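Notes follow the structure.
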DNA sequence: CGGGATCCCGCCGGATACTG
DNA sequence: CAGTATCCGGCGGGATCCCG
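Residue numbers (our numbering), protein chains in the order written: chain A, 4 to 139; chain B, 4 to 139.
Following this line, the structure appears as structure tokens:
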């Protein structure tokens, strides 16, 4: 059970926010995409997943998948045949994270829209003027 | 408007999941803690924030705060007095992210509990047995 | 008090090449 | 097809010291 990756984070969130655990689990370069793809496709083969995710290099995708597997979010099923065939799917934990992932995606979209808006539209910069705050 | 940090991520989530934007914004080492602290305290000074977060090094905390500011989540108010006084607070965007942060924290807690459970309790490992899957 | 300057290092992600 | 092996640059985070 090589869950050592997130273990450090889990161990030290006494004063930390538990959200850091979530970031540690979902924070890989291709993990959100992979999870959302598997959320819609039940099972996917390696190449299929790779193409759909946007052609990450095999090495990187492999590691992302192994980490997600070690963290208990996805399953990996190897079929002993030639040519090789490996199928990836979601565990229950992986399915449980979908609503959260959706919420994160929604916020991300809204945030990106905000950024675009203020980049394009006139910069309505608000200045903080402490002014008379020279107390003490 | 140095929002260049997340701009790259925002620009390239055509096939990606928008959740990556969220990770890019909240993905710093001390960002979740800072945001949740500011969510409960309205305004906080640098040292106050530092102690409450768990004593990160000033340099690191400063950068986290600058990034959050550049990303539009927090405000930074400098009072021109001696000794120096700087107060941090949430922008509207920073307040909007609180519910999501809570959801992430909740999932993180549940996940950590799951991990602890299966580490302690007997490993109820489920094996995948493709068995008769040698099709084609 | 609230940082900035400098140095360091581990890790993450990508490119390229090779294989059972 | 589904990876593995090797090399590499960048940067995120920490330690330590110094400053207005």
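Even for Gly, the Cβ is constructed at its ideal location relative to N, Cα and C. Nothing here was measured: the structure is a model prediction, and the numbers come from that model.
For residue i, three-class secondary structure by DSSP
{"i": "residue 135/A", "result": "Confidence at residue 135/A is low in this model, with a pLDDT of 43, below 50, so the placement of that residue should be treated as unreliable; the coordinate-derived value is given next. Of the three classes helix, strand and coil, the one that applies to residue 135/A here is coil, per DSSP."}
{"i": "residue 51/A", "result": "helix"}
{"i": "residue 27/A", "result": "helix"}
{"i": "residue 97/A", "result": "helix"}
{"i": "residue 75/A", "result": "coil"}
{"i": "residue 70/B", "result": "helix"}
{"i": "residue 90/B", "result": "strand"}
{"i": "residue 65/A", "result": "helix"}
{"i": "residue 12/A", "result": "helix"}
{"i": "residue 85/B", "result": "coil"}
{"i": "residue 4/B", "result": "Its pLDDT being 48, under 50, residue 4/B is placed unreliably in this model, and the coordinates cannot settle the point."}
Contacts of residue i in chain B (Cβ-Cβ under 7 Å)
{"i": "residue 13/A", "result": "115 and 118"}
Partners in chain A for residue i, counting only beta-carbon separations shorter than 9 Å
{"i": "residue 35/B", "result": "19, 20, 21, 22, 23, 25 and 26"}
Heavy atom of the ligand NAD within 7 Å of residue i beta-carbon
{"i": "residue 115/B", "result": "Within the structure as shown, the ligand NAD is missing, as the structure has no ligands at all."}
Cut-off 6 Å between Cβ atoms - residues of its own chain near residue i, not counting five sequence neighbours on either side
{"i": "residue 7/A", "result": "none"}
{"i": "residue 80/B", "result": "90"}
{"i": "residue 31/A", "result": "67"}
{"i": "residue 82/A", "result": "88"}
{"i": "residue 84/A", "result": "none"}
{"i": "residue 49/B", "result": "89"}
Nearest-angstrom Cβ-Cβ length linking residue i and residue j, presumed shorter than 8 Å
{"i": "residue 22/B", "j": "residue 71/A", "result": "Actually they do not touch by this definition, with Cβ atoms about 14 Å apart."}
{"i": "residue 114/B", "j": "residue 89/A", "result": "Wrong, their Cβ atoms sit about 25 Å apart, outside the cutoff."}
{"i": "residue 24/B", "j": "residue 74/B", "result": "In fact, because the Cβ distance is near 10 Å, the residues do not count as touching under 8 Å."}
{"i": "residue 64/B", "j": "residue 56/B", "result": "7 Å"}
{"i": "residue 26/B", "j": "residue 26/A", "result": "6 Å"}
{"i": "residue 100/B", "j": "residue 110/A", "result": "7 Å"}
Residues of its chain near residue i, where Cβ-Cβ distance is below 8 Å and the 5 sequence neighbours each way are ignored
{"i": "residue 41/B", "result": "47, 52, 77, 91, 92, 93 and 97"}
{"i": "residue 108/B", "result": "35 and 39"}
{"i": "residue 106/A", "result": "none"}
Partners in chain A for residue i, counting only beta-carbon separations shorter than 8 Å
{"i": "residue 50/B", "result": "In chain order: nothing, as chain A lies at least about 16 Å away."}
{"i": "residue 112/B", "result": "21 and 24"}
Cross-chain neighbours of residue i in chain B, by beta carbon under 8 Å
{"i": "residue 107/A", "result": "21, 22, 25, 26, 103 and 107"}
{"i": "residue 30/A", "result": "26 and 30"}
Close beta carbons around residue i, own chain, < 7 Å, minus the five adjacent residues each side
{"i": "residue 34/B", "result": "67 and 71"}
{"i": "residue 58/A", "result": "none"}
{"i": "residue 16/A", "result": "23 and 24"}
Residues that residue i contacts on chain A, provided the C-beta gap is smaller than 7 Å
{"i": "residue 100/B", "result": "110"}
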